[in-house]
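Peer 1: One structure coming up, written as structure tokens, with questions to follow.
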Amino acid sequence: MWTWDITKLKGPVKWTYFYLYVILDIFSRLVVGWMVAPRELAELAKHLIAESCAKQGIPKEQLTIHADRGSSMKSKPVALLLSDLGVTKSHSRPYVSNDNPFSEASFKTLKYRPDFPDRFGSIEDARAHCQGFFAWYNGEHRHSGIAMLTPEAVHYGDADRIIKRRSEALDAAFEAHPQRFKGKRPVPESPPEAVWINPPQERDGKAMTSTATSS
């Protein structure tokens, strides 16, 4: 399952903006596609979604894409594209502002980094900054929600190997200095088996359905 959203980046003068489109896999947190454009436009979103699906080799009837209820997200061009690609669409609940938390978290990480400028001098500057950021975000940034692994490690199947190496290192540390661990052998954290946008709620002993993705 993917989620996508758009955020504004301040341009060189007041009231000027560039628009950052980001598509993210919610299980691995990998940014599978992004684009900085001079405007918010459904046709641009359509192109980015199609390009990202092709790059990731997504077959029909496999993918769900979640978005909020913005004009581009609910547009006819995007809806028709998703139908052509065999992609299921999902939208945030009406009047609920926190139904796209994974996209919002990535935007917060971008904008709270020390090197994020107050304004970008040009759209080329914004694109160059985002290119460096997303390379770091996918390949180096370790997320607490996926056991301090990088999105690339989880997305491309390297998580088990890394967890095994961590386990071996912890075993060696425990054998050498068990007192540091109060006699309890440490176990490395593993990434979750499923990730939810809206966790299922129990009603009358049965789990209600909700949007999720799993490994």
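In my numbering, the protein residues as written are -11 to 203. For glycine and all other residues, C-beta sits at the position ideal for the given N, C-alpha and C.
1) Does V66 get closer than 8 Å to chain D when you measure Cβ to Cβ?
2) Helix, strand or coil for K(-4)? Go by DSSP, reduced to three states.
3) Label R130 either buried or exposed according to how many other C-beta atoms from any shown protein chain fall within 10 Å of its C-beta, with 16 as the threshold for buried.
4) For H143, which three-state DSSP category applies?
5) Given 8 Å as the limit, is there contact between the region -11 to 5 and the region 87 to 101, that is, 3 or more CB pairs closer than that?
6) Can you look up F104 in the DSSP assignment and give me helix, strand or coil?
7) Excluding sequence positions up to five away, which residues of its chain have a Cβ less than 6 Å from the Cβ of M61?
8) If distances are taken between C-alpha atoms only, which option among A114, S110, G109 comes closest to L98?
9) Per DSSP, what kind of secondary structure is G109 in: helix, strand or coil?
10) Is T284 helix, strand or coil when you go by DSSP?
11) Can you give me the C-alpha to C-alpha distance between S16 and V142, rounded to a whole angstrom?
12) Residues in the same chain with beta-carbon distance under 6 Å from E(-5), minus the five sequence neighbours each way, listed in chain order, please.
13) List the endpoints of the continuous beta strand (DSSP E) containing S78.
Peer 2: Concretely, from the data shown:
1) Although the question refers to chain D, the structure presented lacks it and comprises just one protein chain.
2) strand
3) exposed
4) helix
5) yes
6) coil
7) A55
8) A114
9) coil
10) Residue coverage of the chain in this structure runs from -11 to 203, which leaves residue 284 outside it and unanswerable.
11) 5 Å
12) Reading off the sequence, residue -5 comes out as Thr, not Glu. For T(-5), where only same-chain residues beyond five positions count, the Cβ hits under 6 Å are L8, F95.
13) 76 to 79
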